[in-house]
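S.K.: Reminder that position 276 of the sequence shown reads as 316 in my numbering, one-by-one numbering, no gaps.
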Amino acid sequence: MLHNDPVAALTPEVIGWRHHIHANPELGFNEHETARFVADRLRAFGLDEVHEGIGGTGVVGVLRSGSGRRAIGLRAELDALPVIEKTGLLYASKKEGVMHACGHDGHTSMLLGAAKLLSDTRAFDGTVYFIFQPAEENEGGSMRMIEDRVFARFPVEGVYAVHNWPGVPLGTIATRTGPMMAAVDNFELSFEGTGAHAAMPQLGDDPILAAGAFIQAVQRIVSRSVDPQASLVVSITQIHGGNVGNIVPGKVWLQGTCRFFEPALSDHCEKLIGDIAQGIASAHALTSTLAYRKGYPPVINTPEATVQAIQAAASVVGREQVKIEFSPSLGCEDFAYMVREAGGCYAWIGAGDVGPGEGLHGDRYIFNDEIVPIVLRYYLNLVEQVLPATPAETAT
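#1: Do you know whose CA, among Phe231, Gly108 and Gly402, lies nearest glycine 252's CA?
#2: Consult DSSP for histidine 59 and reduce its assignment to one of helix, strand or coil.
#3: Spatial neighbours of arginine 333 within its chain, please: CB distance less than 6 Å, with the 5 preceding and 5 following residues excluded, ordered by chain position.
#4: Taking the beta strand (DSSP E) that glutamine 295 belongs to, which residues open and close that run?
#5: Just to confirm, are valine 273 and isoleucine 171 a CB contact at a threshold of 9 Å?
#6: Quick one: grab the DSSP three-state call for isoleucine 186.
#7: Alpha carbon to alpha carbon, how far is arginine 162 from methionine 150?
#8: Could you check the C-alpha separation between valine 423 and glycine 395 for me, to the nearest Å?
#9: Closer than 9 Å, CB to CB, is valine 196 near chain D or not?
#10: Which partner residues does tyrosine 131 have in the DSSP bridge list?
#11: Could you give the first and the last residue of the continuous beta strand (DSSP E) run that contains leucine 272?
#12: Report yes if the C-beta distance between leucine 229 and threonine 329 is below 9 Å; otherwise report no.
#13: Per DSSP, what are the beta-bridge partners of asparagine 204 in this structure?
#14: Buried or exposed: alanine 438, going by 16 or more other Cβ atoms within 10 Å of its Cβ?
#15: Exposed or buried, which one is threonine 51 when buried takes at least 16 other CB atoms within 10 Å?
#16: Where does the unbroken alpha helix (DSSP H) through asparagine 73 begin, and where does it stop?
#17: Among Asp145, Met240, Asp245 and Val224, which residue has its Cα nearest to the Cα of threonine 234?
#18: Using 8 Å as the cut-off, can you tell me whether the stretch 293-313 makes contact with the stretch 264-280, which would need three or more C-beta pairs spanning the two stretches below that distance?
#19: Can you give me the start and stop residues for the beta strand (DSSP E) that glycine 113 sits inside?
#20: With distances taken between CB atoms, is the gap from glutamine 348 to valine 426 smaller than 9 Å?
#21: Which same chain residues end up closer than 7 Å to tyrosine 419 when comparing Cβ atoms and leaving out the 5 residues on each side of it in sequence?
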């Protein structure tokens with residue numbers, strides 16, 4: 041440990057907070073105890089204001105220093121996942137079927153650590169908003185906070201977030217201007233007709249046969265209807281039909297997703313999925329019903345904020361360990377709503393190698409606590425860089 045290094049001194053406590061949150065996970069919009077834990081600590085750190093209940097269970101801490109009118113936001117997520125934990129950790133989830141399998145426990149704890157350190161030093165000029173959002177996993181908690189006027193009440197010139205990223209080398213920070221994470225749309229589709237005994241299929245229709253034809257045909261959207269250089273993935277993720285071994289069911293239900301960066305592909309996918317489903321249904325004497333829901337937009341990092349993030353990252357891990365040339369992920373993130381609203385930058389923090397079931401959303405996923413001091417230093421450097429204090433303020 042470096043002499044008088046506040047980051048190194050605080051790191052064990054931050055890890056302790058994470059272990060506590062990990063052992064007590066809560067699903068989206070039900071993060072009541074987690075939000076209370078966060079709010080209590082922000083008040084104990086001496087923040088100027090702490091606001092609760094924003095967008096449901098969201099929390100915003102306000103820290104001011106100097107006389108500057110500029111402000112930035114730092115964001116972390118509160119929610120866990122409906123996953124049965126199989127890590128065997130001493131601090132494993134106490135709630136059966138609920139697990140912090142994505143690292144939000146770490147993100148929340150590291151942002152708390154940054155709030156503590158910045159409150160102690162106040163070596164910046166302006167305002168920092170510490171945004172702890174509910175329900176990142178599928179429920180769109182950041183949009184709920186925006187609808188609750190989070191940026192009208194706490195206006196920022198940019199909002200920043202990080203995510204631990206298994207598979208990226210430890211000690212690496214990756215970010216880029218432009219697309220970082222994909223948009224995602226979800227759809228549900230059913231084929232319905234008349235069931236029949238498996239020995240007498242001529243007496244009914246066969247929606248299973250139609251569903252099989254659809255699963256194959258829908259891939260022509262990717263292979264034959266868009267530019268091969270465009271990023272688009274159409275995946276069927278669920279199929280359900282029938283419950284008796286000798287009966288052809290009267291209905292089959294499918295679910296899937298479309299992921300892309302170009303916003304126009306949303307309408308394109310919706311139309312072609314509907315057209316393909318109707319054509320197959322007609323050919324099989326069935327009816328089809330499509331429910332297509334537009335989901336998270338893509339995470340698009342804005343140029344000025346990304347420059348700031350790269351500089352702050354380089355000051356922590358060295359410029360050679362900051363990766364800016366890489367392919368964006370077709371995973372999605374509802375931070376997209378915040379960066380679309382306020383501008384900002386999303387960065388991946390390398391968490392090292394992982395094995396089967398140990399990656400994000402895996403039941404043996406373990407957050408790498410070695411990244412804690414990296415992220416604490418990144419946040420401190422980012423705030424002090426974007427909101428520089430004058431020499432006189434620094435001296436006091």
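Using N, Cα and C, we set each Cβ at its ideal position, and we do this for glycine too.
M.R.: Short version:
#1: Taking the sequence shown and counting its residues from 1, one reaches residue 252 at position 212. Checked all of Phe231, Gly108 and Gly402; the closest Cα to glycine 252 is Phe231.
#2: Taking the first residue of the sequence shown as 1, we reach residue 59 at position 19. Histidine 59: helix per DSSP, three-state reduction.
#3: As a position in the sequence shown, residue 333 is number 293, starting the count at 1. Excluding sequence neighbours, arginine 333 sits near Asn226.
#4: One-based indexing of the sequence shown puts residue 295 at position 255. Note, glutamine 295: beta strand (DSSP E), 291-300.
#5: Position 233 of the sequence shown holds residue 273. Position 131 of the sequence shown holds residue 171. In this structure, isoleucine 171 does not lie closer than 9 Å to valine 273 by Cβ.
#6: Translated into positions along the sequence shown, residue 186 becomes position 146. Isoleucine 186: helix per DSSP, three-state reduction.
#7: Sequence index remark: in the sequence shown, residue 162 carries index 122 (1-based). Sequence index remark: in the sequence shown, residue 150 carries index 110 (1-based). Approximately 17 Å, taken between the alpha carbons.
#8: Counting from one through the sequence shown, the residue named residue 423 turns up at place 383. Counting from one through the sequence shown, the residue named residue 395 turns up at place 355. Using only the alpha carbons, I get a separation of about 35 Å.
#9: No chain D appears in the structure shown, which is made up of a single protein chain.
#10: Residue numbering aside, residue 131 sits at position 91 when the sequence shown is read from its first letter. Looking at the DSSP assignment, tyrosine 131 forms no beta bridge with any residue, so it has no partner.
#11: The residue labelled residue 272 in the question sits at position 232 within the sequence shown. 272-280 is the extent of the beta strand (DSSP E) around leucine 272.
#12: Numbered from its first residue, the sequence shown carries residue 229 at position 189. Numbered from its first residue, the sequence shown carries residue 329 at position 289. Taking 9 Å as the Cβ cut-off, leucine 229 and threonine 329 qualify as a contacting pair.
#13: Taking the sequence shown and counting its residues from 1, one reaches residue 204 at position 164. Per DSSP, Ile389.
#14: Only positions 41 to 436 of the chain appear in the structure, and residue 438 is not among them; the question remains open.
#15: One-based indexing of the sequence shown puts residue 51 at position 11. Under this definition threonine 51 is a buried residue.
#16: The residue you call residue 73 lines up with position 33 of the sequence shown. One detail in the question is off: residue 73 reads as glutamate in this sequence, not asparagine. Where glutamate 73 is concerned, the enclosing alpha helix (DSSP H) stretches over 72-84.
#17: Position 194 of the sequence shown holds residue 234. Sorting Asp145, Met240, Asp245 and Val224 by C-alpha distance to the C-alpha of threonine 234 places Asp245 at the top.
#18: yes
#19: In the sequence shown, residue 113 corresponds to position 73, counting from 1. First-last of the beta strand (DSSP E) with glycine 113: 111-117.
#20: Walking along the sequence shown from the start, residue 348 turns up at place 308. Walking along the sequence shown from the start, residue 426 turns up at place 386. Contact flag set, yes.
#21: Mapped onto the sequence shown, residue 419 falls at position 379. Answer for tyrosine 419: Leu114 and Ala154, listed in chain order.
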